[in-house]
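To keep things clear, I will list the structure first and then write my remarks on it.
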Amino acid sequence: MSVVSQVILKADDELRYPSTGELTAIKDFFQTGLVRTNIAATLAENEKKIVQEASKQLWQKRPDFIAPGGNAYGQRERALCLRDYGWYLRLVTYGVLAGDKEPIEKIGLIGAREMYNSLGVPVPGMAEAIRCLKKASLALLSEEEAAEAAPYFDYLIQGMS
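Residue 10 is where the sequence shown starts when you use the working numbering, and the numbers rise one by one after that.
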């Protein structure tokens, strides 16, 4: 849910007009709109490149993941990992576009830890994978865009840690 939606719903629930602080938050949301949409476009257009670079970084740091007995050993397992990396990258774009971490929480983190634990996937390994996604993604963004996008990756990392 965007900042605008949140402000409107909260004000309506309380039967009042949005406060000055809430209107300032909406103004700030609109002022960063072009940066946020540029970030989302860059990440979407480069998803394959980002996922490939992030997985390369991860496998170099953690070769045990792709070694016999590792969770990403074998073509099928590796393909599932890459699928998940793309999914998490999309979650980041949703958060960036909304200007809020709520989509990441609702869509991506609720239940993710339990799912990975039940599948025997090391959750700290997923946090490391997202760190690699962050590094590969931010390398494609301007300094301003990277500063805007980084907290969304950090939120995912914290949720997986």
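Don't be surprised by glycine CBs; every beta carbon is placed ideally from N, CA and C.
Kindly indicate which three-state DSSP category residue 70 falls into: helix, strand or coil?
Correct three-state label for residue 70: helix.
Quick one, which of 80, 21, 103, 168 has its alpha-carbon nearest residue 140's?
168
Would you report the Cα separation of residue 118 and residue 165, rounded to the nearest angstrom?
Rounded to whole angstroms, the separation of the alpha carbons of residue 165 and residue 118 is 7 Å.
Alpha helix (DSSP H) containing residue 29: first to last residue?
Boundaries of the alpha helix (DSSP H) harbouring residue 29: 29-40, taken from the DSSP string.
Assess contact between the stretch 100-114 and the stretch 155-165, defined as three or more Cβ pairs (one per stretch) separated by less than 8 Å. Is contact present?
yes
Select from 40, 78, 161, 127 the residue whose C-alpha is nearest the C-alpha of residue 113.
161
Which residue comes first and which comes last in the alpha helix (DSSP H) that contains residue 134?
132-147
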